Amino acid sequence: MRLYDTLTREIRELKPIDGSTFRFYCCGPTVYGPAHIGNFRSFVLQDVFRRTLETGGMRTLHVRNITDVDDKTIRDSQAANEPLSEFTARWTDRYHADCEALNCLPPHVEPSAVEHIPQQIEMAGVLVEKEHAYVSDDGSVYFRISSFPEYGQLSHLDTRELSLGKTQEARANADEYEKDDLADFVLWKARRPEDGENYWQSPWGEGRPGWHLECSAMIKEYLGTDFDLHSGGEDLIFPHHENEIAQSRCAWGGQFAGHWFHPTHLIVDGRKMAKSLGNLYTIDDLAEKGFSPMEVRYVLISGHYRKQLNFTLDSLTAAREALSKLAKGARGLAERAGEGHLLTEAGFGPFESAWEALNDDLNTPGCLGGIFTGLRESAKLEGAEAAAALAGLNRVLKAIGLILPEEPTSAAVPDDIRALADKRWEARAAKDWAKSDAMRDQLADLGWAVKDSPQGYELEPA
RNA sequence: GGCGGAGUAGCCAAGUGGUAAGGCAUCGGUUUGCAAAACCGCUAUUCGUGGGUUCGAUUCCCACCUCCGCCUCCA
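Take the first sequence: its position 267, counting from 1, is numbered 655 in our numbering, and each next residue is one higher.
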């Protein structure tokens, strides 16, 4: 597949470095609360990315970390009066549940920062040894940006801009006084009273790792010095990924990531998503409003990953209808294919354009459009042809990770509702329209919709 | 201020130097006692504004307007 690369700003064909397995790393969540749909836009898009590679026949090695030690996890675990490990385990479980609900494949490796402290200390040590890093008076370790001339390549910021970016606010920040240069970033943070029991022994005294170092150390552990692709939300380009490149290449050599994949942010109701604006949603929030995770997934892939997506509650309703339409189309195709045709041959048939869109810079909205078009094109197919089309459809659906809703099974109808509906049917049969319509309204007030047909009626929760 | 992205029908959203995918909604039709549901169909002479290049631009160039993101720990 072809994908845009943040570093070179080109769309390039992806080929695994080792010729067989596409190895990639995604920055995972900081587990200090429920992830929101903005976080999940990145994770879902990364999931579609992986599924597309795999559907195309490529083997993958997907590594995604859990950030379980940083300022926020420490701060909030203490506020909750809970040990850090218990606090983060709780939110990690919640995150896993949300991922599963959204049908995101679990990564092959899911390392946690706390479990890789020795690797991080080792890495900081190498950087100090090679004089890419220095130890401050308080026992913190900082990376010296001036020792890595290529710093800023990914974000396209040059040194001058980095310096100009240092605001007065940053200069006033007491935390920063230990640095030689304000642009230098911390690899290891000396223990401070507010860290409580969350510290580790290091050659520089007690302390804890800096966030940027965590990812780099875990990447070295599981993917080595050269790997195929690195991904994360666009906000991570600077400084997080810039810092990862600097410290990893300075410590271990190699090129680090061969390709950079950055989904852009979600906006909600036309505005930046923020707690203070009241437009920050979690999967649970949306479930309470009656929207399923699959509807959320549909909305998250309904815009191109390099373009901001405007998430609205209306778009979720639209997604529900669209999913329902897809499901009907797929069921129709299955019926016309009949029982005997379990084709598993490769190929996409009428869904070829949908598949191609996915491979062309992960054009998920183009893919969805192609699916609807393919469905219309295959509306007249029967038997083996329908079966072949259905196989293509299923492969595309698997690639985007969409699970279509089942045909609504007749929900358990309470006896009194059933009795009322039967009486209405009798009145209707007797052509007593006034009585029949009154009972229909009555059922609607009770939350049940009646669907009439010549053969009888069905009840559905409204 | 620096870097970057975007403005396409009521809403969401693809796409292209050669005349606008798809979804939702609306509307119309079939059906229905009337509805609902279901099914079928229609709906942008036009792609923020103004110039320019071109046989031809929404697509390239310039200017302007508007919105959004990043600029030290937020996906």
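From the three backbone atoms N, C-alpha and C, an ideal C-beta is built for every residue, glycine too.
These numbers were taken from a predicted model, which means no experiment stands behind them.
- About 6 Å separates the beta carbons of ILE633 and LEU542, which is inside the 8 Å limit, making them a contact pair.
- VAL684 is the residue among VAL684, LEU714 and ALA718 whose C-alpha sits nearest the C-alpha of SER703.
- Going by C-alpha positions, TRP813 is about 13 Å away from ALA837.
- Per DSSP, the beta-bridge partners of VAL656 are ARG659 and PHE699.
- Runs of the beta strand (DSSP E) spanning 3 or more residues and lying entirely within the segment 600-653 occur at 617-619, in chain order.
- The three-state reading of DSSP puts CYS414 in strand, counting E and B together.
- Around the beta carbon of ASN751, 16 or more other beta carbons lie within 10 angstroms, which makes this residue buried.
- For LEU449, DSSP records a beta bridge to ARG411.
- Rounded to whole angstroms, the gap between the alpha carbons of PRO417 and SER741 is 34 Å.
- Each residue's CA atom was taken as its position, placing ASP657 and LEU701 some 8 Å apart.
- Here PHE573 is bridged, per DSSP, to PHE531.
- Per DSSP, the unbroken alpha helix (DSSP H) holding GLU517 starts and ends at 505-517.
- Taking 8 Å as the upper bound for CB-CB distance, ASP749 and ARG390 are in contact here, some 6 Å apart.
- The closest CA to that of ARG400, considering only GLY646, VAL436, ILE533 and PRO597, is found on GLY646.
- DSSP links SER841 through a beta bridge to GLY844.
- Just measuring C-alpha positions, the residue of SER604, GLY584, CYS492 and TYR522 sitting nearest HIS504 is SER604.
- When only Cα atoms are considered, ILE759 and PHE739 end up about 6 Å apart.
- Taking C-beta atoms under 8 Å as the contact rule, VAL529 and TRP592 qualify, at a distance of about 6 Å.
- Nearest to GLY835 by alpha-carbon distance, out of ASP623, PRO499, ARG447 and ILE805, is ILE805.
- Per the coordinates, the alpha-carbon of SER473 lies some 25 Å from the alpha-carbon of ILE425.
- DSSP, read as helix, strand or coil, puts LEU490 in coil.
- Sixteen is the threshold: since fewer than 16 other Cβ atoms of the shown chains lie within 10 Å of the Cβ of HIS544, the residue is exposed.
- With the rule of 3 Cβ pairs closer than 8 Å, the segment 818-825 does not count as touching the segment 781-796.
- Exclusion of the five residues before and after ILE625 leaves THR394, LEU542, SER543 and HIS650 as the residues of its chain whose Cβ lies within less than 7 Å of its Cβ.
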